[in-house]
Amino acid sequence: MKKMYVAGVDIGGQTAKIGIVDRKGTILARKVISTKYKDADKFITLLSDSIREMTADIGLENLNGVGVGAPDGNYYTGDIVEATNLMWAKGKTVHFANDLSKKLGGLKVTITNDANAAAIGEMKYGAAKGMKNFIEITLGTGVGSGIVIDGKLVYGHDGFAGELGHTCAVKGGRDCGCGQKGCLECYCSATGVARTAVEMLSKSRAKSLLRGKRDITSKDVFDAAEKGDKLAIKIFADTGRIMGEKFADFIPFSAPEAIILFGGLTHAKDYFLEQLVDSMNENVVFLWKGKVKVLVSALNESDAAILGASALAW
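For the sequence shown, the working numbering gives the first residue as 2, with consecutive numbering after it.
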């Protein structure tokens with residue numbers, strides 16, 4: 002008899018979201034755990050314990066496998082390689098799939114990049130349903146991307162294709178955790194928005210609800226924009242402009258039907274989406290001007306990545 006359940010895990014820079022999923026794509030149980038550990042083994046132990054706890058009623062033996070979406074997760078090797086947004090994987094290779102499998106009694110574990118997992122979920126259940134050519138952009142602690150061409154994810158020869166967040170957005174710009182300067186991630190992620198806020202406040206004397214705040218976050222900027230703060234609104238507008246310029250560069254590569262935005266930063270879409278689309282169409286090659294849709298994920302923020310990751314485990 003075929004096993005009827007899988008576990009999907011979405012690992013982010015702050016938390017990991019876990020779901021137990023049936024064959025219809027229904028998430029039967031959910032849990033969120035912290036990823037803020039310095040030691041990989043401690044996090045993997047917590048994750049395995051959580052999966053065991055969540056499957057107590059159905060029995061771990063009825064789990065077909067575990068699918069994981071993680072920053073710098075390699076589909077071919079099962080490793081997480083030098084993930085700058087994970088303290089326990091920064092500057093090192095973690096044999097994640099192998100180590101988690103051992104803690105789960107040999108259960109099969111399959112891993113891919115977190116943005117790839119979100120793209121799979123979007124294609125099966127969300128805004129990309131029926132599409133064969135699209136790009137999923139994840140806007141969270143970092144900027145990730147999943148590229149789908151002819152209905153298949155692009156992995157490249159080494160498993161790391163599609164790191165669009167680490168293409169240069171501002172020549173000679175901000176230092177990035179990957180070692181380069183000016184990466185898109187430095188400007189258009191949640192942390193990038195916060196960095197923009199700090200820079201603008203230091204260069205401007207304008208009144209702002211953000212002035213005087215310590216450890217500014219993207220949520221602080223969003224909350225200020227919601228209250229009509231002009232500086233906060235400009236921060237998002239500039240973020241949208243930079244995104245649009247880079248999207249114009251991405252389009253000629255795969256001629257996508259749509260670029261789909263996913264992740265926490267999309268909550269602020271009312272403050273950057275129009276600028277993004279205008280900037281993209283101003284800068285794209287004439288062949289695609291006005292032809293590529295920019296959509297926001299149709300799935301609950303955690304569902305796309307969990308469902309996409311879980312699909313790897315069937």
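Beta carbons: idealized from backbone N, C-alpha and C, even for Gly.
For residue i, the first and last residue of its enclosing alpha helix (DSSP H)
| i | result |
| --- | --- |
| V278 | 274–284 |
| N1 | Limits of the chain in this structure are 2 at one end and 315 at the other, which puts residue 1 out of reach. |
| F248 | 231–255 |
Residue i to residue j span [Cα, whole Å]
| i | j | result |
| --- | --- | --- |
| D42 | E275 | 44 Å |
| R242 | Y126 | 29 Å |
| K231 | G145 | 29 Å |
| N65 | S102 | 12 Å |
Where the beta strand (DSSP E) through residue i begins and ends
| i | result |
| --- | --- |
| V199 | V199 -> not in any beta strand (DSSP E); alpha helix (DSSP H) instead, spanning 191–204. |
| S51 | It is not in any beta strand (DSSP E) - S51 instead sits in the alpha helix (DSSP H) that spans 41–55. |
| A119 | Careful: A119 lies outside any beta strand (DSSP E), inside the alpha helix (DSSP H) at 115–126. |
| S219 | That residue, S219, is in no beta strand (DSSP E); its alpha helix (DSSP H) goes 219–227. |
| S35 | 28–35 |
| L87 | No beta strand (DSSP E) contains L87, which DSSP labels as neither H nor E. |
| V295 | 294–297 |
| Y6 | 6–12 |
For residue i, three-class secondary structure by DSSP
| i | result |
| --- | --- |
| A75 | Note on residue identity: the sequence assigns Asn, not Ala, to residue 75. DSSP places N75 in coil when its eight states are reduced to three. |
| E137 | strand |
| D151 | coil |
| G66 | strand |
| V171 | coil |
| A17 | strand |
| T267 | helix |
| C177 | coil |
| Y59 | What sits at residue 59 in the sequence shown is Ile, not Tyr. Three-state result, I59: coil. |
| S209 | coil |
C-beta atoms of residue i and residue j nearer than 7 Å
| i | j | result |
| --- | --- | --- |
| F44 | W89 | yes |
| A198 | L211 | yes |
| L262 | T111 | no |
| P257 | I136 | yes |
| G9 | G20 | yes |
| L154 | N99 | no |
Contact belief for residue i with residue j at Cβ below 8 Å, rounded distance in angstroms
| i | j | result |
| --- | --- | --- |
| H17 | I28 | Correcting the residue identity first, residue 17 is Ala in this sequence and not His. Going by Cβ atoms, the distance from A17 to I28 rounds to 15 Å, so no, they are not a contact pair. |
| G147 | A119 | 6 Å |
| T1 | L87 | The chain is shown only over 2 to 315; residue 1 falls outside these bounds and no answer can be derived. |
| S255 | I150 | 5 Å |
| A249 | N284 | 4 Å |
| A191 | S219 | 4 Å |
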